[in-house]
Amino acid sequence: MSLHPPHFKPDHFRWAYDGDTGVATITLDRPEKKNPLTFDSYAELRDTFRDLVVTPDVRAIVITGSGGNFCSGGDVFEIIEPLTKMAMPELLAFTRMTGDLVRAMRACPQPIVAAVEGVAAGAGAILAMASDLRVAAPDAKTAFLFTRVGLAGADMGACAVLPRLIGHGRAADLLYTGRSMGAEEGRDWGFYQRLSDDPLAEATELATDIATGPAFAHAMTKRQLDMEFAVPIDTALEMEAQAQAICMQTNDFTRAFEAFANKRKPEFKGD
């Protein structure tokens, strides 16, 4: 079922949709605790990203936090404490559910831009990692701090995705130590694409620029970026040949040619 973007009112975060640009903004909104996640907010975020698969009116997503922080991870008393009392079946159900959030973020066709201020820790760092692009404030501190609470760095896809973003050795540094990565370090390592004194405005501008582009082709690019992680170059070349041939059948491709031929800006409609 579609989210019906203008009328969607989630219970555990804020949602804003700009019908003129097609950009939707998800804001984690528990600023008094640096926007931690709960069992319910994990599930609602997962379901929201799943529903975006069938919500073509949304063409790009911005995810951010309120009160000068992105997300401090799982709430200590609403998640961490209950987990210490659970049996293995309940624990596995929870860890699979958190992984399903990352799956849903990667499976939704819309590019996701994270706007990060202040703390992005634990699951908050994962939300930034699972986004397609990341914009950080100069004060942003990103920490995959699972080892600090006696857990493995292997959480929510970190051991699979983070090395692909910043390299194996750098990922190992962050995942073993749980230390904070500063914004400039994150940019130098390729985790953050841009730094800005106003990361939400910068991320919204970036998402708006993406949203004016060819939505079907952007979705194809996102899918291929993920699928080509684990295939040899010959397979990747064939996958991209087929993907591009499909895009060449779209009306956006025809409109772009006609606009170029007539020396005007193309209008992409996602079809």
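Residue numbers for the sequence shown, in our numbering: 914 to 1184.
From the three backbone atoms N, C-alpha and C, an ideal C-beta is built for every residue, glycine too.
Predicted, not measured: the structure shown is a model, and the values here were computed from it.
Just measuring C-alpha positions, the residue of Ala1036, Lys1178, Ala1027 sitting nearest Leu1113 is Ala1027. At a Cβ-Cβ threshold of 8 angstroms, Arg963 and Val936 do not count as neighbours. In this structure Val1062 is exposed. Its beta-carbon is surrounded by fewer than 16 other beta-carbon atoms within 10 angstroms. Phe1057 and Ala1043 do not touch by the CB rule: their CB atoms are close to 12 angstroms apart, not below 8 angstroms. In the pairwise beta carbon analysis, the stretch 989-1008 is classified as not touching the stretch 1078-1088: fewer than three pairs are separated by under 8 angstroms. The three-state reading of DSSP puts Tyr930 in strand, counting E and B together. Distances from the CA of Val1029 to each of Leu996, Met999, Val975 were compared; the closest alpha carbon is that of Val975.
The stretch 1076-1155 is shown to contain whole alpha helix (DSSP H) runs of 4 or more residues at 1081-1090, 1096-1102, 1112-1124, 1128-1140, in chain order.
With contacts defined by Cβ atoms closer than 8 angstroms, Lys1135 and Pro969 do not form a contacting pair.
Apart from the 5 residues on each side of it in sequence, Ile993 sits with its Cβ closer than 8 angstroms to the Cβ of Gly987, Val1062 in its chain, given in chain order. At a Cβ-Cβ threshold of 8 angstroms, Gly1031 and Ala1053 count as neighbours. DSSP, reduced to helix, strand and coil, places Arg963 within a helical segment of the structure shown. Under the criterion of beta carbons closer than 8 angstroms, Asn948 and Phe921 do not qualify as touching, at roughly 19 angstroms. Beta-bridge analysis with DSSP links Ile1025 to Ile974. DSSP places Leu950 within a strand segment (E or B) once states are collapsed to three. The alpha carbon of Leu1075 has as its nearest neighbour, out of Leu1064, Leu1040, Val1048, the alpha carbon of Leu1040.
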